[in-house]
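Novice: Numbering (this note's numbering), first residue to last: 590 to 798. Note that the Cβ used here is the ideal one computed from N, Cα and C, for glycine as well.
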């Protein structure tokens, strides 16, 4: 299926690395708009017109402008249905797929940030993620059922979680439990993930030159 080209706003060594990996997994035809965090590109007026939050990733596709990482993943995976990374409406896996994409931003990241900053979270009854231990156990219980979040079906959710867990484990924000380590290795071993990592390494080198 033919698609208008996607413009991808991306800074290496940031959350948008996962979106770059997804574009590779999808075989997407895209134009890279590289941003350099060290020179403050995401805080310049030109980019703030794209995303006033000054965050990456963002994509432009035709007249559509999409920001916020889970939204970018949802949009791209649905844009390329032939890649098979997004269960369609009516598929029983669509619900769990949406759950895990949203769980990342609504539960995982807030819990990890609170813990890393040693902030006292709200009471579980009012905290968006409940409590850290329950949040993490919910995730690891699902990973134990593996090999992927949707069982035998690899999806865009695994691209998001594989890259996010790799980052958070590397910086010791999440414990390197065997089930987490095995999942990260399984996802990052995929050829598309390797291509994205190599491309980002080259971009980091170019921006540092």
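For residue 647, which option in 689, 613, 679 and 595 has the closest C-alpha, if you only look at C-alpha atoms?
Specialist: The shortest C-alpha separation from residue 647 is found at 595.
Novice: By Cβ distance below 8 Å, which residues in the same chain neighbour residue 757 in space, the five residues on each side in sequence not counted?
Specialist: Excluding positions up to five away in sequence, the list reads 701 and 763.
Novice: Of all the alpha helix (DSSP H) runs that stay within the bounds of the region 735-773, which reach a length of 4 or more residues?
Specialist: Fully enclosed alpha helix (DSSP H) runs of 4 or longer: 745-759.
Novice: Roughly how many angstroms separate the alpha carbons of residue 677 and residue 798, rounded to a whole number?
Specialist: Near 44 Å, if we compare the C-alpha coordinates of residue 798 and residue 677.
Novice: Give the secondary structure of residue 649 by DSSP, where H, G and I count as helix, E and B as strand, and everything else as coil.
Specialist: Residue 649: strand per DSSP, three-state reduction.
Novice: Pull up the distance between the alpha-carbon of residue 612 and that of residue 658, whole angstroms please.
Specialist: Cα-Cα distance, rounded: 13 Å.
Novice: Between 674, 728 and 722, which lies nearest to residue 692 when the distance is taken from Cα to Cα?
Specialist: Per the Cα distances, 728.
Novice: What are the residues that DSSP puts in a beta bridge with residue 595?
Specialist: BP columns for residue 595 point to 619 and 650.
Novice: How big is the Cα-Cα spacing for residue 714 and residue 784?
Specialist: Straight-line Cα distance between these residues: approximately 43 Å.
Novice: Since residue 686 is in the alpha helix (DSSP H), which residue starts that stretch and which ends it?
Specialist: Element bounds for residue 686: 683-692.
Novice: Please say whether residue 625 and residue 600 have beta carbons closer to each other than 8 Å?
Specialist: Yes; because the gap between Cβ atoms is below 8 Å, this pair is in contact.
Novice: Pick helix, strand or coil for residue 727, following the three-state DSSP scheme.
Specialist: Here residue 727 sits in helix by DSSP.
Novice: On a Cα-Cα basis, can you pick out the residue from 651, 671 and 755 that is closest to residue 620?
Specialist: Closest option to residue 620, Cα to Cα, is 651.
Novice: If you compare alpha carbons, which of 794, 703 and 737 is closest to residue 777?
Specialist: It is 737 whose Cα lies nearest to the Cα of residue 777.
Novice: Thinking just about the alpha-carbon of each residue, which of 750, 770, 794 and 743 is nearest to the one in residue 675?
Specialist: The shortest Cα separation from residue 675 among 750, 770, 794 and 743 belongs to 743.
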